[in-house]
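Heads up, this note's numbering is the position in the sequence shown plus 13, with the first residue counted as 1.
Don't be surprised by glycine CBs; every beta carbon is placed ideally from N, CA and C.
Predicted, not measured: the structure shown is a model, and the values here were computed from it.
Here is the structure we will look at, set down as structure tokens.
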Amino acid sequence: IAKGLFPPGRTLYEHQKRGLLETIRYGKDLVVTTGTGSGKTETFLLPMLAQLARESATWEAASKPSKDRKWWKHDRGRMSQWEHVKRPSALRALVLYPLNALVEDQLRRLRQTLDNDQIRAWLDTYRGGNRITFGRYTGLTPISGIETKDSVARLKTELATMDTAYQQIVAGGGASDEAKWYFANPDGGEMWSRWDMQETPPDILITNYSMLNIMLMRTIEASIFDDTRRWLESD
């Protein structure tokens, strides 16, 4: 599940091995203090992905998604992104950064890890068509506020633009191996919008501390934390 994190042939550094061992086998907390470019991101992502791989083995298989799932392509109202999924939705991990630039960098890493062809095939075969979901929740995430006719129309335009960009640049072969991760795959595990995350919280939420502070004070995002609380209480 973590093969997309590393180039072929790359082996783990010692602190990455120890981080995985200490957190997964012994259940310890982990603090990583090491220099730039030394693999801190992988050190905390590996235990997170290992836990998701273990828990996802218990998930109920997803139903077949509706043919109209990409609702922005059809003359119909908005559909929830993961309405066909039966397993519990909750925040399994919170990736918190001080700056949006770091959030965007982490988003690219998760696309590379969780939205590549190999991991999608593995999830289809061994996890009943479920996806490891992830989402960026910042001021760049569409659409703020409650659902209205106008706001749904704006989201429809944004999602259509996202879909078109992916199809033309990535699926069309116009992007390099590195550049393609700058684009969201509408068929992948990345969340489409704030409303979708409010309805089905992503397994991995990436945000900044200012937005998290706002989310904790607003009722519109309360469902994200309520669903997570119920998931925690069920274990």
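Close-in-space but distant-in-sequence residues of the same chain around residue i (CB under 7 Å, 5 per side omitted)
| i | result |
| --- | --- |
| His-87 | Asp-81 |
| Arg-140 | Ser-69, Trp-72 |
| Thr-47 | His-28, Lys-53 |
| Thr-36 | Leu-43, Pro-60 |
| Gly-158 | Ser-164 |
Own chain residues within Cβ distance below 6 Å of residue i, not counting five before or after
| i | result |
| --- | --- |
| Gly-12 | An answer regarding residue 12 cannot be provided, because it is not within the stretch 14 to 248 covered by the chain. |
| Val-45 | Lys-53, Thr-56 |
| Ala-197 | Met-175, Glu-203 |
| Arg-167 | Ile-156 |
| Trp-95 | Thr-213 |
| Glu-73 | Lys-99, Arg-100 |
| Pro-78 | His-97 |
| Leu-123 | Phe-147 |
| Met-228 | Glu-234 |
| Lys-41 | Glu-35 |
Bridge partner(s) assigned by DSSP for residue i
| i | result |
| --- | --- |
| Arg-140 | DSSP output for Arg-140 lists no bridge partner at all. |
| Ala-221 | Correcting the residue type first, residue 221 is Asn in the shown sequence and not Ala. DSSP lists Tyr-110 as partners of Asn-221. |
| Arg-91 | Note: Arg-91 sits in no beta bridge, so no partner. |
| Glu-117 | Bridge partners of Glu-117: none, in fact. |
| Arg-203 | One detail in the question is off: residue 203 reads as Glu in this sequence, not Arg. Glu-203 is bridged to Phe-147. |
Residue j beta carbon less than 8 Å from that of residue i
| i | j | result |
| --- | --- | --- |
| Thr-154 | Ser-93 | no |
| Asp-240 | Ala-103 | yes |
| Gly-50 | Leu-43 | no |
| Gly-257 | Leu-218 | The question about residue 257 has no answer here: the residues shown for the chain are numbered 14 through 248. |
| Asp-216 | Arg-105 | yes |
| Asn-226 | Val-116 | no |
| Ser-69 | Asn-143 | yes |
| Leu-65 | Ile-132 | no |
| Thr-151 | Met-224 | yes |
| Leu-18 | Thr-126 | yes |
| Asp-128 | Gly-201 | yes |
Proximal residues to residue i (C-beta, below 8 Å), its chain only, five neighbours per side dropped
| i | result |
| --- | --- |
| Pro-199 | Lys-83, Leu-172, Met-175, Asp-176, Tyr-179, Trp-205 |
| Gln-211 | Ile-233, Glu-234, Ser-236, Ile-237 |
| Arg-121 | Trp-194, Tyr-195 |
| Val-183 | Lys-193, Phe-196, Asn-198 |
| Gly-90 | Trp-84, Val-165 |
| Glu-160 | Arg-91, Trp-208 |
| Pro-111 | Asn-221, Tyr-222 |
| Gln-119 | Thr-54, Val-108, Tyr-110, Ile-219 |
| Gln-181 | Gly-187 |
| Asn-113 | Thr-151, Gly-152, Leu-153, Asn-221 |
| Gly-22 | none |
Boundaries of the alpha helix (DSSP H) in which residue i is found, first to last residue
| i | result |
| --- | --- |
| Arg-167 | 162-178 |
| Phe-238 | 235-246 |
Enclosing beta strand (DSSP E) for residue i [first to last residue]
| i | result |
| --- | --- |
| Phe-147 | 147-149 |
### Task
List in chain order: all unbroken alpha helix (DSSP H) runs of 4+ residues lying wholly within the region 21-84.
Counting only runs of 4 or more, we get 27-33, 53-69.
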